[in-house]
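Inspection log for the structure reproduced underneath, given as structure tokens.
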Amino acid sequence: MRLTTKTVLVMLCFSLGSAIAAEARLPSDVVRYVEQREGCDHFRGEIPDPPDKQRMKEMEREIRKLCTGTDKKLTQLKRKYAKNQAVMKRLNEFEEKIE
């Protein structure tokens, strides 16, 4: 079976759409946590090279803002949604102890 570019693009759009829809079906408190935590993880993984004092200060500020309290919140959400497999699957993608 030969796939055309158009067919591949349509298939890709459907697969991306289902991933976005799955995220949209998560409870709003979980969606907010995921957004915050992904921002936190982004800054945790970003180290200026060569070391730039101003950029480091900015990163430390963002890490404090986005990461503070996320360990506790993750535990609370896992407890709250322990029986919801979709939520637990998403929450289990995050490290439990980062603070």
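Count along the sequence shown starting at 1, add 105, and that's the number in my numbering. Every residue gets a Cβ at the ideal spot worked out from N, C-alpha and C, and that includes glycine.
- Note on geometry: alpha-carbon atoms of Leu131 and Asp146 lie some 20 Å from one another.
- Around the CB of Arg142, 16 or more other CB atoms lie within 10 Å, so the residue is classed as buried.
- Pairing Pro155 with Leu196, the inter-Cα distance amounts to about 34 Å.
- The Cβ atoms of Glu151 and Met161 do not sit closer than 8 Å to each other.
- Annotated three-state conformation of Ile152 is coil, per DSSP.
- Burial is judged here by how many other beta carbons sit within 10 angstroms of a residue's own beta carbon; Thr180 has fewer than 16 and is exposed.
- Close CB contacts of Met193 within its chain, under the 8 Å cut and outside five residues either way in sequence, are with Lys183, Tyr186, Ala187 (chain order).
- Lys170 has its alpha-carbon roughly 18 Å from the corresponding atom of Phe199.
- Residue burial annotation: Thr173 is exposed, with fewer than 16 other C-beta atoms found within 10 angstroms of its C-beta.
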